[in-house]
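Residue numbers (UniProt numbering): 1 to 370.
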């Protein structure tokens, strides 16, 4: 199937298959430089397929065994995707951003302060550590926040001044459209909200860039108003898993913040940021059934919260590095009905001001909203 023969459903299915099975590259150096480990979509590479830029695993165990292979790009930058030797589509690779060539006055490369996700999203982890990460009895088993730090690919703490400098350059040089600020959890009180406030305020002082902040639910709902006042436009509070058994097994420390607190926090956050401007990441394939994910998603949609369901990707350097990614058949039980639910509720990714769900590159979900 060539690009011209694609249907919307066909594109969605192909993206979902690629994100579950991964992609082998004949030329691993093409496109934006990827990274192993770290926060966000690690072990991935951005590709443009049928007008959408998506993140596809390329450095995972499953990707190494994937039936999908991308050829070296031709003189026009077009690469064939073959499945078991048969051409099924064509892709392009976004170019390395120009702001990656710069560094701060004290010699820190901009790419160690913030990175390009997809083709037009600036992303940063404010604090590249977490109170739970050093102890496997409390750490999230899928998390690799310390891996990129250990590899020298980032710095521990990004200052508000550094973030403002890089954000301004990314907008001016690479037409970045919105920014994602996440953080390792620094404490059990504000849980990162204070870091988000000072960082967002600094960025907004120098550039008009929509920002999503991401943290665990803070202990006091007043932080939602503070984050909004500081310049955060949308908020992500990530459940990751939806059932008590899976939460306790996969993320024992984070599970100490109960589902009830998340649900109350979602209500409080929607009251501040607005319907459709609060989202949550749900990792499919960690043990929750499709039925459980859809049931919780229905509750979230009723609250005005966007459930961004993403296939779990086993990341290098984590206890789940060899854990199987969800199969395309598993994701097919979730994404089409969830997309229909979102469309019915008119709670669409394109209407979010900033963030992972607006970007949509790590899931095929947005393709099922239409």
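Where is the CB? At the ideal position from N, CA and C, for every residue including glycine.
Here the structure is a predicted model, which is why all the values come from computation and not from measurement.
Tell me which residue opens and which closes the alpha helix (DSSP H) that residue i is part of.
{"i": "residue 330", "result": "328-332"}
{"i": "residue 336", "result": "335-345"}
{"i": "residue 293", "result": "290-303"}
{"i": "residue 230", "result": "222-230"}
{"i": "residue 162", "result": "160-174"}
{"i": "residue 46", "result": "It is not in any alpha helix (DSSP H) - residue 46 instead sits in the beta strand (DSSP E) that spans 44-49."}
{"i": "residue 196", "result": "193-206"}
{"i": "residue 313", "result": "Here residue 313 belongs to no alpha helix (DSSP H), and DSSP marks it neither H nor E."}
{"i": "residue 373", "result": "Nothing can be reported for residue 373: it is not among the residues displayed for the chain, which extend from 1 to 370."}
Would you call residue i buried or exposed, if buried means 16 or more other Cβ atoms sit within 10 Å of its Cβ?
{"i": "residue 37", "result": "Interpretation of residue 37 is limited by its pLDDT of 47, a score under 50 that renders its predicted location unreliable; the figure taken from the coordinates is listed afterwards. Flag for residue 37 reads buried."}
{"i": "residue 74", "result": "exposed"}
{"i": "residue 244", "result": "exposed"}
{"i": "residue 153", "result": "buried"}
{"i": "residue 369", "result": "buried"}
{"i": "residue 105", "result": "exposed"}
{"i": "residue 361", "result": "buried"}
{"i": "residue 356", "result": "buried"}
{"i": "residue 149", "result": "buried"}
{"i": "residue 18", "result": "buried"}
{"i": "residue 64", "result": "exposed"}
{"i": "residue 57", "result": "buried"}
{"i": "residue 29", "result": "exposed"}
{"i": "residue 391", "result": "Nothing about residue 391 can be read from this structure; the chain reaches only from 1 to 370."}
{"i": "residue 329", "result": "exposed"}
{"i": "residue 146", "result": "buried"}
{"i": "residue 85", "result": "exposed"}
Between which two residues does the beta strand (DSSP E) containing residue i stretch?
{"i": "residue 262", "result": "Element bounds for residue 262: not the beta strand (DSSP E) but the alpha helix (DSSP H), 259-273."}
{"i": "residue 68", "result": "68-70"}
{"i": "residue 56", "result": "52-57"}
{"i": "residue 98", "result": "Residue 98 -> no beta strand (DSSP E), and no H or E assigned at all."}
{"i": "residue 82", "result": "79-83"}
{"i": "residue 283", "result": "278-284"}
{"i": "residue 123", "result": "121-125"}
Should residue i and residue j be called a contact, given that it needs their Cβ atoms to be closer than 7 Å?
{"i": "residue 217", "j": "residue 265", "result": "yes"}
{"i": "residue 238", "j": "residue 306", "result": "no"}
{"i": "residue 12", "j": "residue 364", "result": "yes"}
{"i": "residue 197", "j": "residue 167", "result": "no"}
{"i": "residue 62", "j": "residue 22", "result": "yes"}
{"i": "residue 176", "j": "residue 207", "result": "no"}
{"i": "residue 169", "j": "residue 202", "result": "no"}
{"i": "residue 81", "j": "residue 112", "result": "no"}
Near residue i, what residues of its chain come up, given a Cβ to Cβ distance below 8 Å and the 5 sequence neighbours on each side ignored?
{"i": "residue 132", "result": "138, 139, 140, 185, 253 and 254"}
Take residue i and list the residues in its own chain whose beta-carbon comes closer than 6 Å to its own, dropping the five residues that flank it on each side.
{"i": "residue 52", "result": "none"}
{"i": "residue 26", "result": "71 and 72"}
{"i": "residue 359", "result": "118 and 121"}
{"i": "residue 351", "result": "276"}
{"i": "residue 290", "result": "333 and 334"}
{"i": "residue 323", "result": "314"}
{"i": "residue 343", "result": "369"}
Near residue i, what residues of its chain come up, given a Cβ to Cβ distance below 7 Å and the 5 sequence neighbours on each side ignored?
{"i": "residue 83", "result": "67 and 68"}
{"i": "residue 326", "result": "20, 284, 285, 311 and 312"}
{"i": "residue 303", "result": "266, 267 and 270"}
{"i": "residue 293", "result": "242, 282, 284, 309 and 334"}
{"i": "residue 262", "result": "217, 237 and 239"}
Counting only beta-carbon atoms, is residue i nearer than 7 Å to chain B?
{"i": "residue 307", "result": "Looking for chain B here will not work: only one protein chain is present."}
>> Counting beta carbon pairs with one atom in the region 262-279 and one in the region 310-318, are three or more of them shorter than 8 Å?
In response: no
> If we count Cβ pairs, one from each stretch, closer than 8 Å, do we get three or more for the region 81-98 versus the region 333-340?
Replying inline: no
>> Counting beta carbon pairs with one atom in the region 191-198 and one in the region 113-131, are three or more of them shorter than 8 Å?
In response: yes
> Counting Cβ pairs, one atom from each stretch, are 3 or more of them under 8 Å apart for the region 205-212 and the region 241-259?
Replying inline: no
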